[in-house]
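Participant: Sharing a structure with you now.
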DNA sequence: GTCTGAAGTTACTCGGAGTAAATAAATCTC
DNA sequence: GAGATTTATTTACTCCGAGTAACTTCAGAC
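Protein chains in written order, with my numbering: chain V, 3 to 209; chain C, 3 to 209.
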């Protein structure tokens, strides 16, 4: 078998879906019809698999969020739509998400995942609000948003198990609540940025 | 050796501090001058240890946050103070926090930790804003806050490693940024709750 | 044919979680 | 107080998964 990287990753995903978050490296290799050393040479150790699956997942989520952006919508509605799209995307890759979450809290993969997500969110901020990213504040903000989304998503997705096989609440519903909490702060930040585009390198506004 | 529960937990903490997040059950038992089966009988398996340490940690954080509440302060300032106290408390129990985080992402312990933290936050909301907790929204809100705090804290604490042995930013600094993002939403929610104390059991306000 | 190197597979090592069987201690019985 | 029975404790395992070393097989070169 040729076993190039992408085929192995596809097999890994199948294995994760069919077996669950505690798939073993042997099981992944077996699903790829390949032996373990090949898996190790082609992709790497477990952390590498996690990193790779994390990338796959984040790609899909970013795509889903990006294609939820419709022009001419009010910023707040865009925000809701983005969150909802995020949730739906994760819901469609439930096992993958649970795998990355359960397995990927070793500091290495976790850091990597967070950094990548943070970059994406800061980019969004910059696209919406102008020149952010000069101070360290945006890092804290993006970490906050990532963390909030992560736990909300995890708890939502988990309710698949405890309830029937449908989520008890819709993605839109959750996105709505989420936005109620997060949007006012985001809006305030964007407003400040828009008005004083150079004010963020020194002092912060009130204090 | 008597080896009651609290002694074992104290030993576990010492082991975590001296060895790190990947302490082994044998090492914990050794630190307690006790053999493994005793550890297993007294506390339980690894998840039980994680649960227990998680409880210890959450207790300390809750205490720290509680004792940061000074009367007569503006709500927003109380919020900042609480977040700052949270961060400082975690900073003082860095290894414990990292242990609970690294080890406790197995769905069992994680859920438990989140549920407990969520309860605490919802209680705070209720104390501040009146009768919350009738709809599911407060769950989403508290999950958001927990998640945001978690990642922000984790990234902050991690910077101990990459920088010197002092955190690059102060807890107050981070708390300030965090508040900029989160407070407006929290304030809005509290305001709505204060004005229409019975409005949350059915429809939400705008939509 | 056979030598050489890549590609792959078998068959291990290593380490940690969790436990069963063996041993020591303690309590009860007369 | 000696023997019997139950309870606490330790030793010594099993099991399983990550990661790897050493062996095998097949391609082409000559």
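Ideal Cβ positions, reconstructed from N, Cα and C, are used throughout, including at glycine.
Quick one: grab the DSSP three-state call for residue 45 of chain C.
Facilitator: Counting from 1 along the second chain, the entry for residue 45 of chain C is found at position 43. Reduced to three states, the DSSP call for residue 45 of chain C is coil.
Participant: For residue 94 of chain V, count neighbouring C-beta atoms within 10 Å of its own C-beta (all shown protein chains included) and say buried if the count is 16 or more, exposed if not.
Facilitator: If you number the first chain from 1, residue 94 of chain V lands on position 92. Counting Cβ neighbours within 10 Å, residue 94 of chain V comes out exposed, since fewer than 16 surround it.
Participant: Taking the continuous alpha helix (DSSP H) assigned at residue 16 of chain V, which residues delimit it?
Facilitator: Position 14 of the first chain, counted from the start, is the residue given in the question as residue 16 of chain V. It spans 7–21 - the alpha helix (DSSP H) in which residue 16 of chain V sits, taken as one unbroken run.
Participant: Anyone know if the C-beta pair for residue 42 of chain C and residue 55 of chain C falls short of 9 Å?
Facilitator: The sequence position of residue 42 of chain C within the second chain is 40, counting from 1. The sequence position of residue 55 of chain C within the second chain is 53, counting from 1. Contact: no.
Participant: Going by other Cβ atoms of all chains shown within 10 Å of its Cβ, with 16 needed for buried, is residue 179 of chain C buried or exposed?
Facilitator: Translated into positions along the second chain, residue 179 of chain C becomes position 177. It counts as buried.
Participant: Counting only C-beta atoms, is residue 128 of chain V closer than 9 Å to chain C at any point?
Facilitator: The count along the first chain starts at 1 and reaches residue 128 of chain V at position 126. It does not: the Cβ of residue 128 of chain V has no partner Cβ on chain C nearer than 9 Å.
Participant: In three-state terms, what does DSSP make of residue 95 of chain V?
Facilitator: For the purposes of this step, residue 95 of chain V is taken as the residue at position 93 of the first chain. Residue 95 of chain V: coil per DSSP, three-state reduction.
Participant: Whole-angstrom Cβ separation of residue 11 of chain V and residue 59 of chain V, contact assumed at under 8 Å?
Facilitator: By one-based count along the first chain, residue 11 of chain V stands at place 9. By one-based count along the first chain, residue 59 of chain V stands at place 57. With a Cβ gap of about 11 Å, residue 11 of chain V and residue 59 of chain V do not count as contacting.
Participant: Is residue 67 of chain V near residue 146 of chain C, with beta carbons less than 9 Å apart?
Facilitator: Translated into positions along the first chain, residue 67 of chain V becomes position 65. Translated into positions along the second chain, residue 146 of chain C becomes position 144. Result no, Cβ atoms of residue 67 of chain V and residue 146 of chain C do not sit closer than 9 Å.
Participant: Using 8 Å as the Cβ pair cut-off and three pairs as the minimum, do the stretch 21–38 of chain C and the stretch 69–89 of chain C touch?
Facilitator: Result no; under three Cβ-Cβ pairs closer than 8 Å.
Participant: Report the residue from C:184, C:175, C:120, C:35 whose alpha carbon sits nearest the alpha carbon of residue 189 of chain V.
Facilitator: Taking the first chain and counting its residues from 1, the one referred to as residue 189 of chain V is at position 187. Nearest option by C-alpha distance: C:184.
Participant: Return helix, strand or coil for residue 78 of chain V, following the three-state DSSP convention.
Facilitator: What you label residue 78 of chain V is simply residue 76 of the first chain in a count that begins at 1. Three-state DSSP puts residue 78 of chain V in a helix.
Participant: How would you call residue 35 of chain C, buried or exposed, if buried means at least 16 neighbouring beta carbons within 10 angstroms?
Facilitator: Counting from 1 along the second chain, the entry for residue 35 of chain C is found at position 33. That one is exposed.
Participant: Can you tell me whether residue 3 of chain C is buried or exposed? The criterion is at least 16 other CB atoms within 10 Å of its CB, across all chains shown.
Facilitator: Mapped onto the second chain, residue 3 of chain C falls at position 1. Caution is warranted here: a pLDDT of 47 is assigned to residue 3 of chain C, below 50, making its placement in the model unreliable, and the coordinate value is therefore given only provisionally. It counts as exposed.
Participant: Taking a contact to mean a Cβ-Cβ separation below 9 Å, would you say residue 7 of chain C touches residue 37 of chain C in this structure?
Facilitator: Along the second chain, one-based indexing puts residue 7 of chain C at 5. Along the second chain, one-based indexing puts residue 37 of chain C at 35. Against a cut-off of 9 Å, the Cβ pair of residue 37 of chain C and residue 7 of chain C comes out as no contact.
Participant: Work out the CA separation of residue 109 of chain C and residue 104 of chain V for me, nearest whole Å.
Facilitator: Mapped onto the first chain, residue 104 of chain V falls at position 102. Mapped onto the second chain, residue 109 of chain C falls at position 107. Rounded to the nearest angstrom, the two C-alpha atoms are 7 Å apart.
Participant: Note down the Cα distance separating residue 89 of chain V from residue 182 of chain V, rounded to an integer number of angstroms.
Facilitator: On the first chain, residue 89 of chain V is found 87 positions in, with the first residue counted as 1. On the first chain, residue 182 of chain V is found 180 positions in, with the first residue counted as 1. Using only the alpha carbons, I get a separation of about 16 Å.
Participant: Considering residue 31 of chain V, what are the terminal residues of the alpha helix (DSSP H) in which it resides?
Facilitator: Counting from 1 along the first chain, the entry for residue 31 of chain V is found at position 29. Its alpha helix (DSSP H) spans residues 27–33.
Participant: Looking only at C-alpha atoms, which of V:52, V:177, V:73 sits nearest to residue 102 of chain V?
Facilitator: Taking the first chain and counting its residues from 1, one reaches residue 102 of chain V at position 100. Comparing Cα-Cα distances from residue 102 of chain V to each of V:52, V:177, V:73, the minimum goes to V:52.
Participant: May I have the straight-line CA-CA distance separating residue 148 of chain C from residue 40 of chain C, to the nearest angstrom?
Facilitator: Indexing the second chain from 1 puts residue 148 of chain C at position 146. Indexing the second chain from 1 puts residue 40 of chain C at position 38. Straight-line Cα distance between these residues: approximately 35 Å.
Participant: Mapping the DSSP letters down to three states, classify residue 122 of chain V as helix, strand or coil.
Facilitator: By one-based count along the first chain, residue 122 of chain V stands at place 120. Correct three-state label for residue 122 of chain V: helix.
Participant: Applying a beta-carbon distance threshold of less than 8 Å, which residues of chain V neighbour residue 186 of chain C?
Facilitator: One-based indexing of the second chain puts residue 186 of chain C at position 184. Near residue 186 of chain C (Cβ distances below 8 Å), the residues of chain V are 186, 187, 189, 190.
Participant: With 9 Å set as the bound, which would you pick, yes or no: does the beta-carbon of residue 201 of chain V sit closer than that to a beta-carbon of chain C?
Facilitator: Within the first chain, numbered from 1, the residue matching residue 201 of chain V stands at position 199. Its pLDDT being 47, under 50, residue 201 of chain V is placed unreliably by the model, and the measurement read from it follows with that caveat. Not an interface residue.
Participant: Check whether the Cβ atoms of residue 127 of chain C and residue 191 of chain C sit closer than 9 Å, and answer yes or no.
Facilitator: Working through the second chain from its first residue, we reach residue 127 of chain C at position 125. Working through the second chain from its first residue, we reach residue 191 of chain C at position 189. Cβ distance < 9 Å, so residue 127 of chain C and residue 191 of chain C count as in contact.
Participant: Name the chain C residues that come within less than 9 Å of residue 104 of chain V, Cβ to Cβ?
Facilitator: Numbered from its first residue, the first chain carries residue 104 of chain V at position 102. Near residue 104 of chain V (Cβ distances below 9 Å), the residues of chain C are 107, 108, 109, 112.
Participant: Would you say residue 81 of chain V reaches chain C, if we count a Cβ-Cβ gap shorter than 9 Å as a contact?
Facilitator: Here residue 81 of chain V corresponds to residue number 79 of the first chain, with the count starting at 1. By this cut-off, residue 81 of chain V is not an interface position.
Participant: To the nearest angstrom, how far is the alpha carbon of residue 143 of chain V from that of residue 150 of chain C?
Facilitator: Residue mapping note: residue 143 of chain V aligns to position 141 of the first chain, counting from 1. Residue mapping note: residue 150 of chain C aligns to position 148 of the second chain, counting from 1. Computed Cα separation, rounded: 9 Å.
Participant: I'd like to know whether the C-beta atoms of residue 118 of chain V and residue 160 of chain C end up nearer to each other than 9 Å.
Facilitator: Numbered from its first residue, the first chain carries residue 118 of chain V at position 116. Numbered from its first residue, the second chain carries residue 160 of chain C at position 158. Their beta carbons are not under 9 Å apart, which means residue 118 of chain V does not touch residue 160 of chain C by this criterion.
Participant: Leaving out the 5 sequence neighbours to the left and right, which residues in its chain are closer than 7 Å to residue 156 of chain C when beta-carbon positions are compared?
Facilitator: The residue labelled residue 156 of chain C in the question sits at position 154 within the second chain. The answer, listed in chain order, is 103.
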